[in-house]
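Novice: Take the sequence shown: its position 141, counted from the start at 1, is 140 in numbering that gives the first Met the number 0, and no numbers get skipped.
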Amino acid sequence: MRELDVLGVRVDQPSNAPILLLQESGGVRVLPIWIGAGEAAMIANAMEGLQPPRPLTHDLFVEVLSRLGHEDVQARITEMRDGVFLAELEVDGHVVSARPSDVVALAVRSRLVITAPESLLEEVGVVLDEPGQDEVERFRQFLDAVNPDDFEAS
Numbered sequence: 000m001r002e003l004d005v006l007g008v009r010v011d012q013p014s015n016a017p018i019l020l021l022q023e024s025g026g027v028r029v030l031p032i033w034i035g036a037g038e039a040a041m042i043a044n045a046m047e048g049l050q051p052p053r054p055l056t057h058d059l060f061v062e063v064l065s066r067l068g069h070e071d072v073q074a075r076i077t078e079m080r081d082g083v084f085l086a087e088l089e090v091d092g093h094v095v096s097a098r099p100s101d102v103v104a105l106a107v108r109s110r111l112v113i114t115a116p117e118s119l120l121e122e123v124g125v126v127l128d129e130p131g132q133d134e135v136e137r138f139r140q141f142l143d144a145v146n147p148d149d150f151e152a153s
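1) Just to confirm my understanding: we take P51, look at its own chain, exclude 5 residues before and 5 after, and list those with CB closer than 8 Å. What are they?
2) Within 10 Å of its beta-carbon, does P17 have 16 or more other beta-carbons around it, so buried, or fewer, so exposed?
3) For the pair the region 87 to 97 and the region 15 to 29, tell me if three or more CB-CB distances fall below 8 Å.
4) Determine the burial state of E117: buried for a count of at least 16 other Cβ atoms within 10 Å of its Cβ, exposed for fewer.
5) If you drop the 5 nearest sequence neighbours on each side, which residues of the same chain put their C-beta closer than 7 Å to that of E87?
6) For P13, name the three-state secondary structure that DSSP assigns.
7) Taking DSSP as the reference, what is the three-state secondary structure of W33?
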């Protein structure tokens, strides 16, 4: 099993559908998982540390697990079947089927490690073509230094 880091939630263009991005720890492959807008908001808010005035469902579930003393909790993205990612939550040896978005929402709230089998990453993992931070910084410096006269037609 490979550990996964939550990169965050992005919006797919042109469909405007939220995508959850999970990257293999120390690697370059990413699992892009299309999720609903509500699920995307729950994950993004938790990643930003936003606390709702009252506990939401995932917050409640994390609290219940903690208060009942469940310490052996594992979150897994298990497979892709018919174009749909499947996940499971294992609590003290009991495995429960779950949606990947719910597993991730719980994980970001409780610092659970998310894992996936190597075979899943080999099958559907992708390498993103996002510019590195150095490239973004160089582009910002270019924009700060550029003058509109530099673009005059000759």
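Virtual Cβ for every residue (Gly too), placed ideally from N, Cα, C.
Specialist: Put simply:
1) N44, D58
2) buried
3) no
4) exposed
5) R75, T77, V94, V95, S96, A97
6) Secondary structure at P13: coil, using DSSP grouped into helix, strand and coil.
7) strand
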